[in-house]
Amino acid sequence: MVANPILYIALPLFTAFLVPLLAKLWKPLVRIVPGLVLAYLAIMSVVLMQQVSPEKPIIAMIAGWKAPWGINLVFTSFSGFIASLISILAFFIWLYSFGFKKVEFDDAQKYFILFMLLTAGSIGVVLTGDIFNMFVFIEITSLSAYALTAFYKGRDGAEAAFKFLLIGSFSSIMLLLGIAILYTYTGTLNMAHLALLMPQVPMHAKITSFLLFFVALGIEAEMFPLNGWAPDAYSQAPGPIAASFAGILAKAGIYALIRVSYTIFDLGDHGGFELLLVMGLITMVVSELVAMRQENLRRMLAYSSMGQMGLIMIAFGLGTKEGIYAGLFIMFNHAVIKSLLFLASAYLVYYTSRKKISDLDGFGKLLPLTSLLFGLGAFAIVGLPPFSGFWSKLSLLIATANSHMEFVLATVLAVSVIEIIYYFRVLGRLYFRKAHKEIKVRKPTWNSVVTMIVLALVIIAVGVHPDFITGLLHNAATDLADKADYIQKIIPDLFSQTLN
Amino acid sequence: MNQILTYSVYGSAILVMLIGIYAVLTKKNLIKIVIGLSIMDSGFNLLLVALGYIKGGTAPIFSPAVAGKDVLMVDPVPQALVLTAIVIGFGVTAVALSLVIRLYRKHNTIKIDEIKTLKW
Chain A
42 MVANPILYIA LPLFTAFLVP LLAKLWKPLV RIVPGLVLAY LAIMSVVLMQ QVSPEKPIIA
102 MIAGWKAPWG INLVFTSFSG FIASLISILA FFIWLYSFGF KKVEFDDAQK YFILFMLLTA
162 GSIGVVLTGD IFNMFVFIEI TSLSAYALTA FYKGRDGAEA AFKFLLIGSF SSIMLLLGIA
222 ILYTYTGTLN MAHLALLMPQ VPMHAKITSF LLFFVALGIE AEMFPLNGWA PDAYSQAPGP
282 IAASFAGILA KAGIYALIRV SYTIFDLGDH GGFELLLVMG LITMVVSELV AMRQENLRRM
342 LAYSSMGQMG LIMIAFGLGT KEGIYAGLFI MFNHAVIKSL LFLASAYLVY YTSRKKISDL
402 DGFGKLLPLT SLLFGLGAFA IVGLPPFSGF WSKLSLLIAT ANSHMEFVLA TVLAVSVIEI
462 IYYFRVLGRL YFRKAHKEIK VRKPTWNSVV TMIVLALVII AVGVHPDFIT GLLHNAATDL
522 ADKADYIQKI IPDLFSQTLN
Chain B
377 MNQILTYSVY GSAILVMLIG IYAVLTKKNL IKIVIGLSIM DSGFNLLLVA LGYIKGGTAP
437 IFSPAVAGKD VLMVDPVPQA LVLTAIVIGF GVTAVALSLV IRLYRKHNTI KIDEIKTLKW
C-alpha cells in the first residue's frame, strides 16, 4: 500500500472536489466515496505509526524543494499521533453521519464536501512544517467550519456562523501579523529554520509575535475569553459536526498552539509556559462553572469541552515531559469521549426543539442503548475508573504534583467535582425520572450504533489496559520535548553550520 | 526625508487596518461589518508588500534580461504570501456575505442588534 504523508492532504482535498462529479455518475457515490477515502487514511495512519519513531520521523518534500526553501510535511511521533487520531476519528464520524437523517441529496453533497475539507485542513495544520502553510490550512479548516455551522437552515446556524467568522477573521489577521514580524527578522517561514534562528530575534519582537500567535491560535483552541464562538457553534451545528469540532478542529488548534510555544519560540522559560498554564486554569474554571448553569444539553457539552481544553493547556503549561504526556493523553481521551457524548446526545435531543436537559426525563427506558452509551461517556469524562478518562486525569495530577504546583492540583480536583455534579444531573434525569407521556424518540440507525459502540469499546479497552496507547504517548512526548532533534532532522545542513 | 517616507508607507498600511477594525467594532450593519473585514485584510496586505520592498529593486522575475547581471530585486516571498492572503480574504468575504443573506432571509433585517436569538 502507498503510504505517504502527502496523501493525508491530497486525497481528502481531491475527493472534496470530485464529489460533485461523482454525483453525476451515481448519487449514492457522494456518500460512499468519502468513507472509502477516510478508511484508507485511517489504515495508512496505522501503517505509518508503525514505521515512525522519535529517532526516525517521516519527512515529505513537496515539489522537490528541500527545506527550508520548500514546504515540507513532517510526520513525527507527535504530529503523526495527532494526525492519526484525527483521521481515524474522521472515519468514524463519517460512519455515523453516513445515514444520519435522510437529508436531501443536495445537502448531503455539501455536507460531505465540507467535511472532507475540514478533515484535510485539520490534518494539514498538524503535518505541515511551514508556518505560512499552517495559516493557509487553518483558514481552510475555519472556512469549512463556518459553512458547516450554518448547515441547517431551520436553526440559528447562520447567526452562530457569523459570530464564529468575525472572531476567526481577527484570528487570521493576528496570525498573519505574527508571521510577518517573524519573517522580517529571520527571512524564513520554515518552522525548524525559525526555531534555529530564534536567538537572533530581539526580545520585544519575539514577545509581540508570540502574543499575536497565542491569541490567534487560542481562538481556535477555545481558550477563555476568546471562545465566545464555541457554545453557539457547537449547539447550532449538526450533531456529528459538533463531535468533529471537539475531536478534529479543536485538536488542530491546540496542536498549533503547542507547536508554536514549544518548538518555534524559546520563551518557555521566560513565562511562555506560565502563560499557557494560567490561561488553561482560567479557561477550565470559568467553562466548568458556566457548564453547570446550562439548560441546553448541547451547550453544556460545549462548555465541558472547553473545560477539557483548559485541562490540556494546563498539562502542556507545566513544561515537563510528564506534563506533555498527560496533555497528550487528555487530548486522546477528549477526542474519543467527547465525540461519543456529542454523537449520543444528538439522538437524545432529536425531537426536542430546545434541546433542554429537562426534556430528557426517563429516556433511559425509551432509548436504552443510547442512554447507556451517553452514561458511559459521562463516567469516562469525569475520570472515574475503570474508564480511560481516569488514567489521563491521574497522569495530569501526578505531573502537577511532581512540578510542585499544589494549587493547580487542588483546582483540578475541585473542578472535577463540579463536572461530576452537572453530568450526573443529566444521568439522574435519564434514569430516575418518569417519562413524559406521548414523547417521540428517534431510534438510532445501525451505522450510528456501530460507531458509538466502537468508541465506547475504545474507552473501556484503554481504561482496562492503558498500555494500548501509553507507548505511543511516550514516543510523542519524547519527540515534542526534544526541540534540537526536530531542527536537526529537518534541516541537518543548516543545523550543523550553526553549531560550528 | 527618506525615513519619513518609509514610516509613512508602514503608517498608512496600519491606518487602513485600523479603519477596518473600527468599522467591524462600531458598525451595526452586517454588510458594513463585512466591508470592514475586507478593509482590514487589504491593510494587512499593503503592510506585507511594504515589508518586502528593497530600495531600487525590480520585479522578482528571472528573465534573460537580468540573467548574469547584478540587479537588485524586491523580496518575492511577501508578494507570494499576499497573493495567497488575497485569495483567502476573498473566500472569507464570500462566505460572510452568504451568511448575511441567510440572516436577512430569516430575520428580515441586517441590523446586528436586532438579531439576538443567541446571546451576542
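Residue numbers (the numbering used here), protein chains in the order written: chain A, 42 to 541; chain B, 377 to 496. Using N, Cα and C, we set each Cβ at its ideal position, and we do this for glycine too.
Going by DSSP, what residue range makes up the beta strand (DSSP E) through residue i?
i, result
"N113 of chain A", "N113 to F116"
"M102 of chain A", "I99 to M102"
When the Cα atoms are used, what is the spatial distance from residue i to residue j?
i, j, result
"P53 of chain A", "Y383 of chain B", "45 angstroms"
"G418 of chain A", "L338 of chain A", "14 angstroms"
"G433 of chain B", "D273 of chain A", "49 angstroms"
"F431 of chain A", "G504 of chain A", "7 angstroms"
"L414 of chain A", "H477 of chain A", "22 angstroms"
"V467 of chain A", "V390 of chain A", "12 angstroms"
"L223 of chain A", "S250 of chain A", "7 angstroms"
"H445 of chain A", "L267 of chain A", "29 angstroms"
"A367 of chain A", "H245 of chain A", "32 angstroms"
"I323 of chain A", "H375 of chain A", "19 angstroms"
"Q538 of chain A", "R72 of chain A", "52 angstroms"
"N443 of chain A", "F153 of chain A", "46 angstroms"
"P408 of chain A", "I494 of chain A", "The sequence as given places Leu at residue 408 of chain A; Pro does not occur at that position. If I take the Cα positions, the gap works out to 14 angstroms."
"M42 of chain A", "F122 of chain A", "20 angstroms"
"I299 of chain A", "E447 of chain A", "23 angstroms"
"A80 of chain A", "W487 of chain A", "18 angstroms"
"I260 of chain A", "S212 of chain A", "7 angstroms"
"L155 of chain A", "M102 of chain A", "27 angstroms"
"V78 of chain A", "I430 of chain B", "46 angstroms"
"L401 of chain A", "I378 of chain A", "20 angstroms"
"L410 of chain A", "L136 of chain A", "18 angstroms"
"W496 of chain B", "W270 of chain A", "Here W496 of chain B scores only 44 on pLDDT, less than 50, and its place in the model is too uncertain to base an answer on."
"Y275 of chain A", "A343 of chain A", "6 angstroms"
"A525 of chain A", "G309 of chain A", "14 angstroms"
"L126 of chain A", "F370 of chain A", "12 angstroms"
"V449 of chain A", "I477 of chain B", "47 angstroms"
"H311 of chain A", "K107 of chain A", "33 angstroms"
"V74 of chain A", "D147 of chain A", "16 angstroms"
"F373 of chain A", "T56 of chain A", "27 angstroms"
"F58 of chain A", "I462 of chain A", "46 angstroms"
"L521 of chain A", "I164 of chain A", "17 angstroms"
"K403 of chain B", "K204 of chain A", "14 angstroms"
Can you confirm whether residue i, when its beta carbon is compared against all beta carbons of chain E, has any partner nearer than 8 angstroms?
i, result
"F192 of chain A", "Within the model displayed, chain E is absent; protein chains A and B are what it includes."
At what residues does the alpha helix (DSSP H) containing residue i begin and finish?
i, result
"D451 of chain B", "Where D451 of chain B is concerned, there is no enclosing alpha helix (DSSP H), given that its DSSP letter is neither H nor E."
"D273 of chain A", "W270 to Q277"
"R300 of chain A", "A291 to R300"
"Q39 of chain A", "Past the boundaries of the shown model lies residue 39 of chain A; chain A is included only from 42 to 541, so the question cannot be answered."
"N231 of chain A", "First-last for N231 of chain A: undefined, no H or E at that position."
"W487 of chain A", "W487 to V505"
"V400 of chain B", "N378 to T402"
"M350 of chain A", "L338 to G358"
"Q20 of chain A", "Given that chain A is displayed from residue 42 to residue 541, the structure contains no residue 20 of chain A and the question cannot be resolved."
"Y464 of chain A", "E447 to F473"
"M157 of chain A", "F146 to L168"
"K434 of chain A", "S429 to N443"
"S285 of chain A", "G280 to S285"
"I323 of chain A", "G313 to M333"
"L514 of chain A", "D508 to A522"
Taking residue i and residue j to be in contact with their CB atoms under 8 angstroms, please state how far apart those CB atoms are, rounded to whole angstroms.
i, j, result
"V392 of chain B", "S210 of chain A", "Not quite, the Cβ-Cβ distance comes to about 15 angstroms (not below 8 angstroms), so this is no contact."
"L130 of chain A", "G294 of chain A", "That pair is no contact at about 15 angstroms."
"A518 of chain A", "I365 of chain A", "4 angstroms"
"S128 of chain A", "S86 of chain A", "5 angstroms"
"M320 of chain A", "M264 of chain A", "5 angstroms"
"V410 of chain B", "A188 of chain A", "In fact, because the Cβ distance is near 16 angstroms, the residues do not count as touching under 8 angstroms."
"S185 of chain A", "L168 of chain A", "Not a contact, Cβ separation roughly 17 angstroms."
"F284 of chain A", "I398 of chain A", "Note on residue identity: the sequence assigns Ala, not Phe, to residue 284 of chain A. Actually they do not touch by this definition, with Cβ atoms about 19 angstroms apart."
"G219 of chain A", "F254 of chain A", "4 angstroms"
"A236 of chain A", "I305 of chain A", "5 angstroms"
"I415 of chain B", "G396 of chain B", "4 angstroms"
message = Would the region 348-356 of chain A count as touching the region 323-330 of chain A if we require 3 or more Cβ pairs under 8 angstroms?
response = yes
request  = State whether the region 230-241 of chain A contacts the region 107-119 of chain A, with contact taken as three or more CB pairs (one from each stretch) at a distance under 8 angstroms.
outcome  = yes
inquiry  = Counting beta carbon pairs with one atom in the region 440-450 of chain B and one in the region 526-538 of chain A, are three or more of them shorter than 8 angstroms?
reply    = no
request  = Taking only runs that begin and end inside the region 183-256 of chain A, name each unbroken beta strand (DSSP E) of 3 or more residues, in chain order.
outcome  = none
request  = At 4 residues or longer, and completely inside the region 375-417 of chain A: list those alpha helix (DSSP H) runs for me, N to C.
outcome  = 404-407
inquiry  = With three or more beta-carbon pairs closer than 8 angstroms as the criterion, would you say the region 54-67 of chain A touches the region 88-99 of chain A?
reply    = no
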